[in-house]
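Each residue of the sequence shown is one higher than the last, beginning at 342 in our numbering. Worksheet: one structure, shown below.
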Amino acid sequence: MVNASQRSPSNGRLSSKIYRLLTVLVNKSHGETKNRLSCPLIHFENVGLRYGMGPEILRDLTFDIPKKSFQFLTGPSGAGKTSLLRLLFMSLQPTRGLIRMFGRDISEIPRPELPLLRRRVGIVFQDFRLLDHLTTYENVALPLRVRGKDESSYKTDVLELLKWVGLGERINVLPPVLSGGEKQRAAIARALMDRPEVLLADEPTGNVDPPMAKRLLNLFLELNRLGTAVVIATHDLALMEQVEARRMILSGGHLDIYD
Ligand SMILES: Nc1ncnc2c1ncn2[C@@H]1O[C@H](COP(=O)(O)OP(=O)(O)OP(=O)(O)O)[C@@H](O)[C@H]1O
Ligand SMILES: [Mg+2]
């Protein structure tokens, strides 16, 4: 078993090219936050969530996501893992309690500012959310294109990352032609291209075989080692057994944390 805080960069499982790429991505994104006060990236205090008039599905959640931390979020189907990730991504507002993202109370952030803050959080959705009219390459490059970056500044990186997740032969096809596992890998590559400080992944290994799951886990671990905080929502016990990491367990609306 690997300890999430004691991994060596030279474990040999990542190619030097992908290692360089990840280093560049992480350094670019984290330089700007170096001088901020040392506080957790994310802080939840007595957070509750209900949908409409339904029952409260998340209750009194109080926890931090520290900088550079690595954690699994687990719990039975319907426990609220995806809902908690949506709170962390600021695409849902809690019905009560305080959420501080990067030191700021999100209830006080003007709506137009939220997309800017959201750029600092990468997310791999359970249902992928690829755009069907764009090719795999275009989907992965989209976050950078939307920001007005010149294609020449990212094309090699996108192709390299796609090759590494095993999609080198699928760069020019549209998502409807991809298998579930291929879509998942494209969604992961897209989340990484946005250079997140926190990466949220919702069942990222749900559609891939065990060797690919291990490869993806290795990519998440390496990103984390380079300074990105990682939250992986999963049911996959085999995946969790491979890493000695913090576990956040949701059940009956409550969260228990095992460090
Ligand atoms: N948009 C919504 N409107 C109303 N209820 C919802 C909505 N999304 C989720 N729920 C309910 O909230 C609860 C938690 O759902 P959620 O999808 O967060 O669970 P989960 O732990 O991610 O489950 P799974 O492991 O199956 O992905 C469920 O009871 C679900 O029916
Ligand atoms: Mg879910």
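Note that CB positions come from ideal geometry on N, CA and C, so glycine has one too. It should be emphasised that the depicted structure is a prediction, and the values quoted were computed from it without experimental measurement.
Just reading off the beta strand (DSSP E) that residue 599 is part of, what are its end residues? 595-599
Name the DSSP beta bridge partners of residue 620, please? The chain is shown only over 342 to 600; residue 620 falls outside these bounds and no answer can be derived.
Pick helix, strand or coil for residue 580, following the three-state DSSP scheme. helix
By how many angstroms is the C-alpha of residue 540 removed from the C-alpha of residue 561? 9 Å
Going by the C-beta, is residue 435 closer than 8 Å to any heavy atom of ligand 1? no
What are the start and end residues of the beta strand (DSSP E) that includes residue 589? 587-592
To the nearest angstrom, report how far apart residue 465 and residue 397 are at their CA atoms. 25 Å
Let me check one thing: in DSSP terms, what residues is residue 543 bridge-paired to? 574
Residue span of the beta strand (DSSP E) that contains residue 441, given as start and end: 437-442
Of all residues in the structure, which have a C-beta closer than 5 Å to any heavy atom of ligand 1, taken in chain order? 392, 398, 418, 419, 420, 421, 422, 423 and 424
Contacts around residue 376, its chain only, beta-carbon distance under 7 Å, and the 5 residues preceding and following it disregarded: With a pLDDT of 42 at residue 376, under the threshold of 50, the modelled position of this residue cannot be trusted, and the question is left open.
Using only the alpha-carbon positions, how far apart do residue 554 and residue 526 sit? 10 Å
In angstroms with no decimal places, state the Cα-to-Cα distance between residue 587 and residue 414. 9 Å
Given a threshold of 16 other Cβ atoms within 10 Å of its Cβ, counted over all protein chains shown, does residue 448 qualify as buried or as exposed? exposed
Beta-carbon separation of residue 516 and residue 441 under 9 Å? no
Check whether the region 477-487 and the region 507-521 are in contact - that is, three or more C-beta pairs closer than 8 Å. yes
What do you reckon, are the CB atoms on residue 428 and residue 458 nearer than 9 Å? no
Pick out whichever of 408, 389, 409 and 411 has its Cα sitting closest to the Cα of residue 676. This structure leaves residue 676 out entirely; the chain is present only between 342 and 600.
Short of 8 Å in beta carbon distance, which residues of its chain neighbour residue 474, apart from the five on each side in sequence? Order them along the chain. 515
Among 393, 518, 569 and 423, which residue has its Cα nearest to the Cα of residue 472? 518
Cβ shell of residue 372 (< 8 Å), same chain only, five flanking positions each side left out: In this prediction, residue 372 scores a pLDDT of 49, lower than 50, which makes its location untrustworthy; the coordinate-derived value is nonetheless stated afterwards. No residues qualify anywhere along the chain.
Could you check whether the Cβ of residue 440 sits closer than 9 Å to any Cβ belonging to chain B? As a matter of chain content, chain B is missing from the structure shown, which is built from one protein chain.
Applying the 10 Å Cβ sphere with the 16-neighbour rule, what's the burial state of residue 432? exposed
Can you check DSSP and say which residues form a bridge with residue 465? 542
First through last residue of the beta strand (DSSP E) which encompasses residue 415: 411-415
Is residue 512 helix, strand or coil by DSSP? coil
Separation of residue 359 from residue 501, as counted between CA atoms: 7 Å
If residue 597 and residue 546 are in contact, beta carbons under 8 Å, what's the gap, nearest whole angstrom? At roughly 23 Å, the Cβ-Cβ gap does not stay under 8 Å, so residue 597 and residue 546 are not in contact.
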